[in-house]
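Enquirer: Quick one: structure below, then a few questions.
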Amino acid sequence: MLRSNMFALLLVFLLSISWEATSDLAHENFLQCLLNHSQLTYPISTAIYTPKNESYSYVLQSYIRNLRFNMSTTPKPLLILTALRESHVQAAISCAREHNLQMKIRSGGHDYEGVSSVSDVPFFVLDMFNFRSIDVDVASETAWIQVGATLGEVYYRISEKSKAHGFPASVEPTVGVGGHFGGGGYGNMMRKYGLSVDNIIDAKMVDVNGRLLVRKSMGEDLFWAITGGGGSSFGVVLAYKINIVRVPEVVTVFLVRRNVDQNATDIVEQWQQVAYNIDDDLFIRLTMNVVNSTTRISEKTVRTTFRALFLGDSERLLSIMNASFPKLGLLRSDCTEMSWLESVLFWTDPPLGTPTDLLRRTPPSLVHFKRKSDYVQKPIPRDGLEGIWKKMIELQVPQLTFNPYGGKMWEIPATERPFPHRAGNLWKVQYATDWNESGQEKANYYIDLTRQLYSYMTPFVSKNPRQAFLNYRDLDLGINHNGKESYLEGRVYGIKYFQENFNRLVKIKTKVDPGNFFRNEQSIPTFP
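Numbering (mature numbering (1 follows the signal peptide of the UniProt record, and there is no 0)), first residue to last: -23 to -1, 1 to 505.
Have a look at this one:
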């Protein structure tokens, strides 16, 4: 018996050595393939970082934004290719296909579930942060933007050319263009101008065969898919061409806080009635979190924060608020007039100091976090709100944010872009839980808190399907193992993210990438 056990252990040991040797050889072959594809004028070797390179950890960690995916136990890529030229991207695709290696594409690293830099199978990261040129043409009111640029850089470069223009995208300036545009990103001008993808007019990408394509050569179906359907499911997008939008010389912002024990429930009730149908120039975000009560010692309460951007001066804003949203009690002293670019600084958390701060590519601090999303299609009754406050106080840590729709968001058909959440959705919900403690046990605890609040909200949100926002990536909705059940697995989360647009995305995917090379844990699958 002892001899047989020893033999079994020896066999396992020998097999593991054999597997590691085979694996190492495959990785060396992949690396050699990349070097063989290198052009003399643009050598690829300077863009490759393997674990043997002293800068490997720095390059890997520089664009990991969620500390949950920056632990010692987090799976690491075999190498990182920080592409400098289109030929590097083409080489990456060709060699990864030849050696059956999974490729993760990263632009800004803000994927909430780490999908751009983590995998359970052998993989490498194609990092696009060097693709960051921004070419603004004010005369045509357009700009070509490479995917590795951050939104802060985009806003700054537009403002350099014109104080009368901006772009409707995220209020988080360190977000990368590639993921934000590819997933249908939004910002605080969406009620006026729609989503970022509603203002994209062209794109440049490399497909699975290594071909360099623009809108005309890729065709309208593929162009549609990469403007909100998750670009990394269809190819490697290099750049997008956008229409920049006009902004007034003066905009107005405000931030007003009220606790539930100070009549906040009355205010939230009115917000629900007006935020989605108020003047299109006005966007009022509502955030709720648990704080210490100011009226009852040692008790907790819910604080509501109303943060707004108005595309106009404070006089017109106050006129609109007094007529439509009087319960907030907005005062002139609450309002600050500024340029549109300065308003971007106001919306960052914490607020940035000067416009040049928008050129910083890393957030001021990082935490571990979990995010989830929902859509609300009818106002939540008062007793429902009071129940939510009670549940939040019980859980203490998770926050809720309501982003109002209406305006341009309701005018654009649900099939115009892969992003389907248009008319009928009053606002989008984000569940946000942050923590500083490391370790899987702590992560499980805080993730469970988030799931509990999400579960409690079930009666108040969309149904059949319960909708979700792709850029608020949530692997709780389903994971694709990219095997024989890929389509069925993909449909579980795909219907929630894309609704009726899902099958069109699958049809396009099946046509342009039939071998499902461009895949991740929540990519668009092919038809079986």
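Heads up, the beta-carbon is just placed ideally off N, CA and C, and yes, glycines get one too.
As the structure is a computational prediction, the values presented were derived from the model and not from experiment.
Just grab the DSSP bridge partners of GLY153 for me.
Expert: Working through the sequence shown from its first residue, we reach residue 153 at position 176. According to DSSP, GLY153 bridges with THR127.
Enquirer: At the level of alpha carbons, what is the spacing between THR(-2) and PHE100?
Expert: On the sequence shown, position 22 is the one that residue -2 refers to. On the sequence shown, position 123 is the one that residue 100 refers to. Because THR(-2) carries a pLDDT of 49, less than 50, the predicted location of this residue cannot be relied on, and the following value inherits that uncertainty. Those two C-alpha atoms are separated by around 15 Å.
Enquirer: Note down, one range per segment and in chain order, each beta strand (DSSP E) of at least 3 residues found wholly within the segment 9 to 66.
Expert: If we require 3 residues or more, the beta strand (DSSP E) runs fully inside the segment 9 to 66 come out as 57 to 59.
Enquirer: Where in the segment 153 to 220 do unbroken runs of the beta strand (DSSP E), each at least 3 residues long, occur, reported from the N-terminal end onward?
Expert: Qualifying beta strand (DSSP E) stretches, in chain order: 177 to 183, 189 to 191 and 213 to 220.
Enquirer: Under DSSP, the beta strand (DSSP E) around SER370 begins and ends at which residues?
Expert: Taking the sequence shown and counting its residues from 1, the one referred to as residue 370 is at position 393. Residue identity differs from the one stated: residue 370 is Ile in this sequence, not Ser. Counting along the chain, ILE370 falls outside any beta strand (DSSP E), though it belongs to the alpha helix (DSSP H) covering 359 to 372.
Enquirer: So, THR242 versus GLU363, is the Cβ gap smaller than 8 Å?
Expert: Counting from one through the sequence shown, the residue named residue 242 turns up at place 265. Counting from one through the sequence shown, the residue named residue 363 turns up at place 386. Against a cut-off of 8 Å, the Cβ pair of GLU363 and THR242 comes out as a contact.
Enquirer: Would you list the one or two residues that DSSP bridges to THR378?
Expert: Along the sequence shown, read from residue 1 onward, the residue named residue 378 stands at position 401. THR264 and GLN407.
Enquirer: Tell me whether the beta-carbon of ALA180 lies closer than 8 Å to the beta-carbon of TYR132.
Expert: Residue mapping note: residue 180 aligns to position 203 of the sequence shown, counting from 1. Residue mapping note: residue 132 aligns to position 155 of the sequence shown, counting from 1. No. Outside cutoff.
Enquirer: Using DSSP with H/G/I as helix, E/B as strand and the rest coil, what is SER(-6)?
Expert: For the purposes of this step, residue -6 is taken as residue 18 along the sequence shown, with counting starting at 1. Reliability of the predicted coordinates at SER(-6) is poor, the pLDDT of 47 falling under 50, and the value obtained from them is presented with this limitation in mind. Three-state result, SER(-6): helix.
Enquirer: Which one of ASP411, GLY125, THR278 and ASN269 has the shortest CA to CA distance from THR59?
Expert: Walking along the sequence shown from the start, residue 59 turns up at place 82. Comparing Cα positions, the closest option is GLY125.
Enquirer: Of all the beta strand (DSSP E) runs that stay within the bounds of the segment 400 to 477, which reach a length of 3 or more residues?
Expert: For the segment 400 to 477, whole beta strand (DSSP E) runs of length 3 or above, ordered along the chain, are 404 to 412.
Enquirer: Would you mind stating whether LYS347 and THR435 have Cβ atoms separated by less than 8 Å?
Expert: For the purposes of this step, residue 347 is taken as residue 370 along the sequence shown, with counting starting at 1. For the purposes of this step, residue 435 is taken as residue 458 along the sequence shown, with counting starting at 1. Going by C-beta atoms, LYS347 is not nearer than 8 Å to THR435.
Enquirer: Does DSSP classify ARG337 as helix, strand or coil?
Expert: Position 360 of the sequence shown holds residue 337. The answer is coil: DSSP assigns ARG337 none of H, G, I, E or B.
Enquirer: What did DSSP end up calling PHE302 once you bin it into helix, strand or coil?
Expert: To locate residue 302, count along the sequence shown from 1; it is residue 325. Coil at PHE302, not helix or strand.
Enquirer: Which residue comes first and which comes last in the beta strand (DSSP E) that contains GLU498?
Expert: Counting from one through the sequence shown, the residue named residue 498 turns up at place 521. Per DSSP, GLU498 belongs to no beta strand (DSSP E) and is neither H nor E.
Enquirer: Is the beta carbon of GLY161 sitting closer than 8 Å to the one on PRO395?
Expert: Taking the first residue of the sequence shown as 1, we reach residue 161 at position 184. Taking the first residue of the sequence shown as 1, we reach residue 395 at position 418. Contact: yes.
Enquirer: With DSSP as the reference, label ALA73 as helix, strand or coil.
Expert: In the sequence shown, counting from the first residue as 1, residue 73 sits at position 96. If DSSP states are grouped into helix, strand and coil, ALA73 belongs with the helices.
Enquirer: When the Cα atoms are used, what is the spatial distance from PHE7 to LYS81?
Expert: Counting from one through the sequence shown, the residue named residue 7 turns up at place 30. Counting from one through the sequence shown, the residue named residue 81 turns up at place 104. Distance between the alpha carbons of PHE7 and LYS81: 15 Å.
Enquirer: Taking the C-alpha atoms as reference points, what is the distance between ARG338 and GLY492?
Expert: To locate residue 338, count along the sequence shown from 1; it is residue 361. To locate residue 492, count along the sequence shown from 1; it is residue 515. For ARG338 and GLY492, the distance between alpha carbons rounds to 35 Å.
Enquirer: Going by the DSSP bridge assignment, what does GLN79 pair with across the sheet?
Expert: Sequence index remark: in the sequence shown, residue 79 carries index 102 (1-based). Note: GLN79 sits in a beta bridge opposite PHE100.
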